[in-house]
Structures are given as C-alpha cells and as structure tokens.
Amino acid sequence: MGLLSFVRDAGEKLFGRKDVEQAQASASGGDAAAVDKLAELNTKAAASITAYVAAQGFDTSALAIAFDGANSAVSVSGTVADQATREKILLCCGNVDGVEHVNDGLQVLNPEPEARFHTVVRGDTLSAIAKTYYGNANAYMKIFEANKPMLGNPDKIYPGQTLRIPA
1 MGLLSFVRDA GEKLFGRKDV EQAQASASGG DAAAVDKLAE LNTKAAASIT AYVAAQGFDT
61 SALAIAFDGA NSAVSVSGTV ADQATREKIL LCCGNVDGVE HVNDGLQVLN PEPEARFHTV
121 VRGDTLSAIA KTYYGNANAY MKIFEANKPM LGNPDKIYPG QTLRIPA
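Each residue of the sequence shown is one higher than the one before, counting from 1 in full-length UniProt numbering.
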C-alpha cells in the first residue's frame with residue numbers, strides 16, 4: 001500500500017494536536033528544549049495511537065507505531081495475519097485528529113486482494129456509499145462489517161472519516 005492520506009482535522013482526538021503543533025513551531029526555530037518537548041509529545045502520541053489500535057481488539061505486540069508531528073504522519077510496521085487486519089489497523093491510525101498520512105510498513109502473512117477506501121463527505125450515508133460502490137444500497141452492512149470495530153453504529157459516520165470498502 002505505501003502511503004495513505006487522511007483528513008488531518010477529522011477523527012478520534014487521542015492526543016493534544018495543538019501542543020504538538022506549538023512544539024513543532026518552537027522546535028523549527030532551533031530551541032533545544034522545544035526539540036526535546038516535541039520528541040516527548042511524538043512518543044506520547046504514538047503510545048495513544050497504539051492504545052487505540054489495541055482497544056479496537058487488534059494485537060499490537062508485533063507492531064511498531066511511531067508518530068511524526070512535523071509531517072503529521074504515523075508509521076506502522078510489523079506483521080499481521082491478513083489483509084483485512086492490515087487495512088483496519090491503517091484506518092485506526094489514520095482516522096485520528098492530527099494525522100494526515102500513514103506510512104504502511106506492515107507485512108501480511110496471508111495476502112488477499114486489497115479493499116478500496118472512501119473518505120466520507122457531508123451527507124454521506126453507508127447506504128449511499130454502498131449504492132456507489134456495489135450498485136445496491138442494501139449492501140451497507142458489508143461496509144459496516146468491514147469497518148468494525150471502528151464503527152459501532154451504521155448511522156454514525158462523520159465527514160473526513162476514511163472507510164474500508166471490501167471488494
């Protein structure tokens with residue numbers, strides 16, 4: 001997959017994005033204390049994202065997740081069992097407020113065809129998205145199931161959220 005892009009201002013609020021941005025601005029001026037503070041905030045953000053991935057029911061023991069506030073990017077590496085798990089972990093990492101890119105370094109033990117991705121816009125519903133991709137609005141449950149456990153209710157999606165659309 002490589003690099004995935006996300007809407008930076010949408011998603012789960014897991015860490016102080018504004019704090020990271022302020023530390024980045026100070027660090028770019030060469031302030032040594034700000035550089036140390038930025039490194040600390042990046043480490044805390046990575047830990048928050050890792051905890052969020054684990055809270056969704058994914059085993060994070062074989063994963064390495066890092067956050068780079070300067071680029072608003074998460075890097076994920078390690079090994080996962082299948083393509084669906086890979087894609088869901090990438091979505092967990094990308095659907096976080098303050099994350100614009102996810103660098104995918106995951107290896108899949110049992111490769112399968114890749115899913116497509118859809119970024120939700122205002123007015124979207126899972127039924128409308130299903131109609132677009134499958135030609136059948138009643139196929140919305142396929143999209144809902146493909147995005148569990150990040151989605152807990154098929155009626156609760158938000159603009160900027162990226163969804164997995166299985167083949």
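For every residue, glycine included, the Cβ atom is placed at its ideal position computed from N, Cα and C.
{"Query": "Determine the direct distance from the alpha carbon of isoleucine 49 to that of glutamine 56, and round the result to whole angstroms.", "Result": "11 Å"}
{"Query": "Under 8 Å: do the segment 5-22 and the segment 159-167 share three or more Cβ pairs, one atom per stretch?", "Result": "yes"}
{"Query": "Who are the near neighbours of isoleucine 65 in its chain, counting only those whose CB is closer than 6 Å to its CB and skipping five residues on each side?", "Result": "Ala46, Ile49, Thr50 and Val76"}
{"Query": "Starting from alanine 32, follow the beta strand (DSSP E) in both directions and report where the run begins and ends.", "Result": "First-last for alanine 32: 32-55, but that is the alpha helix (DSSP H), not the beta strand (DSSP E)."}
{"Query": "Tell me which residues share the same chain as threonine 79 and place their Cβ nearer than 6 Å to its Cβ, disregarding the 5 neighbours each side in the sequence.", "Result": "Ala62 and Gln107"}
{"Query": "Looking at the structure shown, is glutamate 100 part of a helix, part of a strand, or coil, going by DSSP?", "Result": "coil"}
{"Query": "Looking only at its own chain, which residues have a Cβ that is under 8 Å from the Cβ of threonine 150, when we skip the five neighbours before and after it?", "Result": "Rather than threonine, the amino acid found at residue 150 in this sequence is methionine. Closer than 8 Å at the Cβ level, and outside the excluded window around methionine 150, lie Gln56, Lys88, Leu91, Cys92 and Asn95."}
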